[in-house]
Ligand SMILES: Cc1cc2nc3c(=O)[nH]c(=O)nc-3n(C[C@H](O)[C@H](O)[C@H](O)COP(=O)(O)O)c2cc1C
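Numbering (the numbering used here), first residue to last: 27 to 384.
The following block contains the structure:
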């Protein structure tokens with residue numbers, strides 16, 4: 027923003043440089059990235075905006091030590107944020123290139139997004155921008171509407187566009203297997219005191235808290251739900267607002283997201299695929315529930331892979347359907363996650379003082 031000189035006063039004249047359209051678009055991309063889903067709404071990301079472009083880092087101080095010691099969920103969450111940034115930049119018609127893990131000496135650097143002349147923006151990604159704000163995790167019961175086969179095909183293509191595999195679980199035997207393994211994982215986790223303590227730490231009834239899962243977004247757990255594919259019990263304080271009956275059933279639309287490799291890079295890629303699929307679900311007027319208990323217990327994850335004959339490494343289970351809107355989850359302030367080094371350049375030294383620009 028350029029301020030008129032006269033407005034600055036004679037004795038304190040500052041040179042103010044213009045914020046470039048590139049910086050404006052990258053700044054907007056951070057605001058959209060922050061709306062991404064993340065495990066327990068930990069929002070484990072940090073951004074740095076500089077003349078080099080926009081860097082996305084994993085914030086390891088927000089990693090879930092008990093649930094996620096390897097960092098799979100951390101990388102999935104960061105990958106989802108990266109996809110939102112790409113969507114935003116495509117919608118701003120800002121041509122960019124994305125370098126993933128460009129620097130092996132800095133393992134927490136997930137990606138660098140750079141302005142790139144001559145690169146075409148992706149209209150398919152751009153079309154997802156209006157629903158970034160509408161996407162949310164559903165933990166309510168679904169209406170009876172079936173999920174159209176055409177939508178499932180769109181979701182499979184969306185995952186493939188990000189180099190991942192979305193596997194619809196259609197055979198009855200496979201559905202029962204998925205339900206059985208999910209129940210075993212959920213039960214094993216719930217008897218672990220450390221897991222329960224971590225869950226409690228990330229669940230809140232405090233309306234001023236800007237991270238964690240809100241009581242307003244989870245079912246009240248009273249032991250009567252009896253779900254085939256159990257929704258994680260976030261109601262650690264008995265304060266869940268949503269109805270106890272969630273009817274999470276093995277006969278609903280169930281999808282497993284997987285990738286060929288099982289490395290941190292593949293987890294980021296799976297996160298990008300997750301968010302692309304989820305935005306397509308939202309655009310079609312449907313909602314999704316996520317289940318990762320069966321992924322978090324290593325032996326059961328391996329069993330899921332073998333028994334469902336996935337031929338790839340599973341990272342998430344999605345349940346798709348229609349349900350009413352839930353209260354929105356909270357997000358931290360942009361100033362807490364963005365180190366904007368372009369700002370420092372906008373206001374430079376008082377005019378006439380040589381060599382003191384930052
Ligand atoms: C990698 C990952 C794993 C998740 N696992 C679960 C889960 O097992 N159960 C669940 O209810 N939600 C799960 N979620 C959804 C998050 O809790 C949710 O994204 C977060 O609370 C923010 O809410 P929002 O998606 O409505 O914006 C997961 C999200 C991510 C990205």
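Note that the Cβ used here is the ideal one computed from N, Cα and C, for glycine as well. All values reported here derive from a predicted model rather than from experimental measurement.
Residue burial classification, residue i (beta-carbon count within 10 angstroms, cutoff 16)
i: residue 164; result: buried
i: residue 345; result: buried
i: residue 96; result: exposed
i: residue 212; result: buried
i: residue 245; result: buried
i: residue 63; result: buried
i: residue 381; result: With a pLDDT of 30 at residue 381, under the threshold of 50, the modelled position of this residue cannot be trusted, and the question is left open.
i: residue 199; result: exposed
Check whether residue i and residue j have beta carbons under 9 angstroms apart
i: residue 266; j: residue 247; result: yes
i: residue 302; j: residue 154; result: yes
i: residue 120; j: residue 293; result: no
i: residue 80; j: residue 139; result: yes
i: residue 106; j: residue 300; result: yes
i: residue 343; j: residue 255; result: yes
i: residue 184; j: residue 306; result: yes
i: residue 210; j: residue 284; result: no
i: residue 130; j: residue 295; result: no
Cα-Cα separation between residue i and residue j, rounded to whole angstroms
i: residue 238; j: residue 68; result: 6 angstroms
i: residue 350; j: residue 78; result: 43 angstroms
i: residue 354; j: residue 233; result: 11 angstroms
i: residue 201; j: residue 116; result: 37 angstroms
i: residue 171; j: residue 177; result: 13 angstroms
i: residue 53; j: residue 364; result: 9 angstroms
i: residue 109; j: residue 217; result: 35 angstroms
i: residue 203; j: residue 173; result: 21 angstroms
i: residue 180; j: residue 309; result: 11 angstroms
i: residue 321; j: residue 243; result: 22 angstroms
i: residue 93; j: residue 73; result: 24 angstroms
i: residue 230; j: residue 85; result: 21 angstroms
i: residue 55; j: residue 236; result: 20 angstroms
i: residue 226; j: residue 275; result: 26 angstroms
Residue interval of the alpha helix (DSSP H) (run including residue i)
i: residue 192; result: Premise fails: residue 192 lies in the beta strand (DSSP E), 191–194, not in any alpha helix (DSSP H).
i: residue 340; result: It is not in any alpha helix (DSSP H) - residue 340 instead sits in the beta strand (DSSP E) that spans 339–347.
i: residue 297; result: 290–309
i: residue 129; result: First-last for residue 129: undefined, no H or E at that position.
Residue span of the beta strand (DSSP E) that contains residue i, given as start and end
i: residue 315; result: 313–317
i: residue 178; result: Premise fails: residue 178 lies in the alpha helix (DSSP H), 175–187, not in any beta strand (DSSP E).
Residues bridged to residue i (per DSSP)
i: residue 365; result: 74
i: residue 283; result: 192, 342
i: residue 124; result: 139
i: residue 240; result: 230
i: residue 83; result: 72, 135
i: residue 268; result: 245
i: residue 163; result: 314
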